[in-house]
Amino acid sequence: MTMFAGTLPTLLAAADGPFIATGSAPQWVALMPGLPLLGAALCVLFACLNVKSKLPGYATVALLAGGFVTALAAFLQGPDGYGVATIFRWIHASIGADADASITANFGFYMDGLSMLWMLFVTGLATVIGLYSTEYVASDKGLGYCRFFFAFNLFVFSMASLVMADNLLLLFLGWEGVGLCSYLLIGYFYKKPEAVAAAKKAFIINRIGDLGLLMAIGATFVVFGTLEFRPLFEMIAQGVDGKGQAIGHTWVVVVIPLLLTAGAFGKSAQLFFYVWLPDAMEGPTPVSALIHAATMVTAGVYLIARMFPLYAADDAMVALTVVAWCGAITAFWAATIEFAQYDIKRIMGYSTISQLGFMFAGLGLLGTTGAVFHVFTHAFFKATLFLCCGAVMHGFGGQLSLRRLSGVMWMKGFGITGVCMFIGCLSLSGVPFTAGFFSKDMILAQAFATPDEMIGGATFIGLLLLLTATMTAYYTFRVFFRVFVGPRHFEPGEDDHGHDDGLGHDAHAHHHHNPTEEEEGDALHTGFHPHAPGWAMNGAMVLLAVGTILVASLYFVNKKEDHGWAGTMVRHSTAAYPSPGLAHGKDKPAATTVEPLPLGAPAPEHGQAGKPHAKAGTFLGQDPFKIMYYVSAVLGLIGILAAAWFHAPKGAWGLGIGNRELPSKVRMDAVAARFGPIPKWAENKWYVDELYHAIIVKPLLVLSHVFHAFDKLVIDGLVDLVGALPRWLGTLLRPSQSGVLHGYATGMVAGSAVLIVLVVLVAMWS
Amino acid sequence: MAAKIALIWPEIALFITTCLVMLLGLSPNKQWRSLCLPASMVGLTVAGVLAAMGMGVGGPVGDTPLPYLPGFIKVTVAGVGLLLLLLQAGLIDRREEALIASGRAFSALRTNRAEYFALVLFSLTGLMLCASAGDLIWLFLALELTSLPTYVMVAMSSSRNRAQEAGVKYFYLGALGAATFLYGFVMLYGGTGTLQLATMAEVIAAEGVNTITMAGLLLSVLGLAFKIAAVPMHFYTADVYQGAAAPVSAFLAFVPKTAGFVALLLICSAVGWTHGESGNALPEALRIMLWVMAAVTMTVGNVLAILQNSIKRVLAYSSIAHSGYMLVGLLAGPGDGTFGGSGVSAVLFYLAAYGVMNTGAFAVIACLERKAADRGEPMEVEDFDDLRGLWKREPALGVLLAIVTLSLLGFPPLLGFMAKLPLFTSGISAGEIALVVVLGLNSAIAAYYYLRIVKAAMIDDPRGEPGAADSAVHHPAYNLRLVTGLCSALGVVALAILAGQLAERVTEASGYIAPVGPSQPVGSATVLETETLPVQLPMT
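Read top to bottom, the protein sequences are chains A and B. Residue numbers for the first sequence follow the working numbering, beginning at 150 and rising by one. Residue numbers for the second sequence follow the working numbering, beginning at 5 and rising by one.
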């Protein structure tokens, strides 16, 4: 912890108002997006050279590690390195006749606490997961391998552009870039129809959200006259728009945030938009871990955190209330679906949606620190969980059903996987002193600390989130108890990961062991042997599991001043906000070299204006931030115990209360039977996909048929007619090109005469 | 006089080179004769460098209202001329020499004949002189110096009857065109009392356009329409381009066209884009004439091109269409003098771009020959079928053809697009919205036949029947022509990248000094003049 202390800012900025980085960042931060871009180019080169080894993978890992080192170096500079680094002028165009109406979007990077924090885990996780992928997709060595790592690199480049952009246009470039890479990687197994369909679904649903973002960008430009963050936030901090008019109570602070929210919800798979994320699990597992759990899906959280001053400029907090409610409802909704899912990767997918819901709820409840910290810890433990699921999937021929796997941890070579999974599950469940515990607590406590007058129904949101947290602990350990412990049993999946080709087989040959010694079950006579993860996959899982443990300690860094390291980072970013019950601005002297700009329009800030804030709420009569440790710990344990009772095997790993003896026969079955069709509905995800199909896709299809008919008959007819017109005209003119000399001469003279007569007539007539 | 000589150093250099080349050609030594091409190229380069040195040295360099024009035109002519020269060059081989010596065959394009290079260089000299013109007689002589060698070049470009027929047609119709604009020049003299373009500009600015002047203007424009292959003087184009060998067709598509546009620019500048209601248009009658000519020219060129199966005819008709496009810029005039707003700079940009792209297209055609069905000499490639699957047979040629064709179509981000864009913007700035719409529609029509070429070359499979691919052979001078094609494709890409630089140059070159007469011209007075035109016309 002290290693961070050395780098801490000597200046203690006041907690109020957004921190606007005014300095200039070093140019070399461009290496963070630059190295992955180089990696993408190299992968194209490798593909052209037809490289058949793991070279593209290792090159990628090396370059991404370089990116991580750059991020670390930038971080170690501390707040001195915060500012804008303009790499080159990208777009600079004047609009209309007005000379000063110009649009500027540089290829420039805006470094502050928020982008720094994001870049740390994006580059770090990308490196580790890249290492894991070198082995995971090894069966596809050759062009497919290059394709995978090309998209992987391009993703990291796009994500870095998104996070580090110093203007909304570059952010949008990165936003679309990550969407594209997500599409490419979900559809990586392009011969699988489900994967292709999932890729298209993800892409199309994201488009709807992107429309919102694009409209928000357009509106921002119209209102503020700029897309660059620094002038934008300076204006917002002063509560004025580009023409100097107050924005406090206008549509600006409601509509633009809501449009941004639409974009964020699309990318982060929240309410109405979430349906693409579970299907996206069709992609290779490392992709699910990196893109659909740790990084890309948090882009929505990033967007709102980045634009937080605009959200907070609204006195009524309309947009934030929407964000909070949608987040909480999504968190709960996704958790209910998980209860009845049997595909472990999908469970993790829904869990991601649910946890993202927590983050959005945290943002909406004015607790930016908690939300951002949860993004950070979630990235680690969810990536760990995904990689472990991937190891199982890789080892058992694509088997993901928790009814067909049991006791995986006890099989040879899967020990590390099991332990890492356990660590991840603990963190996700919010067991005390894990990373997930601290970050989730901040959000839960914030829900009760934030008074209902500021965010309508904050208390109710808090209760909903508490319930969800309990459910989270249950479904997480449901997976663990059924798949990783208990009697050993497996049925291999259909998907071979290409084991049939000689290459993949050789690579795993040394893992194969004598089946008589270990495996029981019906897999024996099929001749299938699970192959345990190799050094790269194990190494990556261990690194992430250790990381999951370590990030918990970040909560204690700067605990007094900023509520943890994430708080320090957030305080040096535009997401800085005096969260009710958490802000220390009151009792601290605002001794700072960085002059915080007073937040103009809302200005109900703590201390600074002297105006009393609405009093922070309490929970059970106590400070929520203190009591929540105990409450959530108890609730988490209840969830785990419930999972143990219903799903755990007999014996110590069942905590003494489990009674499962067969792989798929559990107490829960009897309970579920009493609920009639409800579990079935939940398993079918409450038929939301079907609903969307019926109310959106079907009508559109019908409409498209109508348009198609119209198109064929009317438009095509017209186009054909127009197309035939020049041809017909040409046929008409063709005889004039007779090739006869005197004919041409006559034509020239006659043409001249006609022209002159025409001119004379027109001149006379006018 | 001294000032005028200082202006024409490039032409003088080129003329000296021409004389030297002719002397070289007299040598009985094959080695000496083979120096014709290098000597010509050196001379042209020197001329270009001289012109570039004289460009923008400070102060007006010409004596017309477009004083900066000559420098740019000469540099462009030298640049494109080098490409064209490379395309005309043949090889001296023993077989051909023997055939010529025995009087059994003579193909000017197969051998390095000094007289042929001299014709090329004389024509280019004439083109440069056009740009230097300060008075009508100079302009007429320069135009004829540009054109006369081309008549001979067409006729001697191939030993086939078709070439001779094309040469004769070209000469007669060219004489008709020349007579028309000479008559126009005479009437301009009669109407304004001067031959000097600068003085004429002052007179017109002071006294407005009288009927005789207007009649002279209309006739001059009609006559010059022959040079640029615009309606109604376009009839010869397809026959001549098809009859002449491809390198000569490439020459015809650039050199006389550029001469015509330079002459049109000079004459229009003498009239001044200072008339009309807004005070920045041509006189109404001339405007109508150019408007109709532009619209009809591009439409006729494009609709006739889509019916063709012969590649060279397609390129010929498209050359008509391109003239129509450029007339929009001529009509728009210098506007506000910025790159996007000035039609003059748009025309200059387009001329340079068209020269590079078009030479590339013809160079690819010139690379290929096909065996005659019966026997005897291979013939030029003729129709689309000859290009089928070019990409598979000759990847380099296929890609080159695709690049230059897409550029001719105006496909972003290639040079053709960069060139067409200012034509649109200047047309809009000048308020010629309807004409710009016609221009847009025509660009769409043009896509049909240009994409057809690309499709034939890049997508279609080679012809099915066995041995079909063998029927395509390389022209003896294949390598030189391939280099020409490569250079022009490179130019298309490089100039697109350096479009900003080129735009600066053309904006500089299109600097227009609106003529000021003793009394300021008033727009309404000019309109009055044109209104009286029909009444007075019979008296002329």
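Ideal placement from N, C-alpha and C gives every residue a C-beta, glycine not left out.
In whole angstroms, what separates the C-alpha of residue i from that of residue j?
i       : j       : result
K201(A) : F195(A) : 9 Å
S433(B) : S323(B) : 25 Å
P14(B)  : R509(B) : 19 Å
T253(A) : Y339(A) : 39 Å
L41(B)  : L90(B)  : 8 Å
V385(B) : K396(B) : 17 Å
A725(A) : G511(A) : 13 Å
Y454(B) : M330(B) : 18 Å
F299(A) : G361(A) : 29 Å
L228(B) : A242(A) : 40 Å
L133(B) : P32(B)  : 33 Å
A93(B)  : H479(B) : 12 Å
A350(B) : S253(B) : 24 Å
Between the beta-carbon of residue i and the beta-carbon of residue j, is there less than 8 Å?
i       : j       : result
M45(B)  : A118(B) : no
E640(A) : R553(A) : yes
M293(B) : G328(B) : no
I478(A) : A622(A) : no
V924(A) : A170(A) : The shown model of chain A, from 150 to 915, leaves out residue 924(A), and the question about it has no answer.
A4(B)   : L486(B) : Outside the modelled stretch of chain B, which goes from 5 to 544, sits residue 4(B), for which no answer is possible.
A4(B)   : A370(B) : Absent from the structure is residue 4(B), since the part of chain B shown begins at 5 and ends at 544.
T399(A) : A484(A) : no
L412(B) : L334(B) : no
V327(A) : G336(A) : no
P69(B)  : Y354(B) : no
G683(A) : G546(A) : no
G188(A) : L212(A) : yes
Please go through the same chain and pick out, in chain order, the residues whose beta-carbon is closer than 7 Å to the beta-carbon of residue i, but skip the five residues on each side of it.
i       : result
T697(A) : F529, F530, T533, I572, G573, S576 and A584
L420(A) : F414, C475, I478 and T479
In terms of DSSP beta bridges, what is residue i paired with?
i       : result
Q771(A) : F768(A)
D67(B)  : Note: D67(B) sits in no beta bridge, so no partner.
I252(A) : A242(A)
L372(B) : H478(B)
A314(A) : F258(A)
Q200(B) : D139(B)
F270(A) : Its beta-bridge partners do not exist; DSSP assigns none.
H638(A) : S555(A)
T235(A) : G257(A)
Taking its Cβ as the centre, do 16 or more other Cβ atoms sit within 10 Å of residue i, making it buried, or is it exposed?
i       : result
T444(A) : buried
P848(A) : exposed
Q854(A) : The question names Gln, but residue 854(A) in the sequence shown is His. Flag for H854(A) reads exposed.
R883(A) : exposed
N483(B) : exposed
C192(A) : buried
V458(B) : buried
Q886(A) : buried
L409(A) : buried
Just to confirm my understanding: we take residue i, look at its own chain, exclude 5 residues before and 5 after, and list those with CB closer than 6 Å. What are they?
i       : result
T526(A) : A584, G585, S588 and V700
For residue i, collect the residues of the same chain with a Cβ closer than 8 Å to its Cβ; drop the 5 residues on either side in sequence, then sort them by chain order.
i       : result
T599(A) : L514, L515, G516, A607, S728, P729, G730, A765 and G766
L536(A) : I278, Y281, T434, P435, A438, C569, M686, A689, M690 and L693
I366(A) : L317, L318, F321 and L376
A179(A) : A234, I236 and F258
V440(B) : V332, F428, G431 and I432
So with Cβ pairs under 8 Å, would you call residue i a contact of chain E?
i       : result
T880(A) : Protein chains A and B are contained in the structure displayed, whereas chain E is not.
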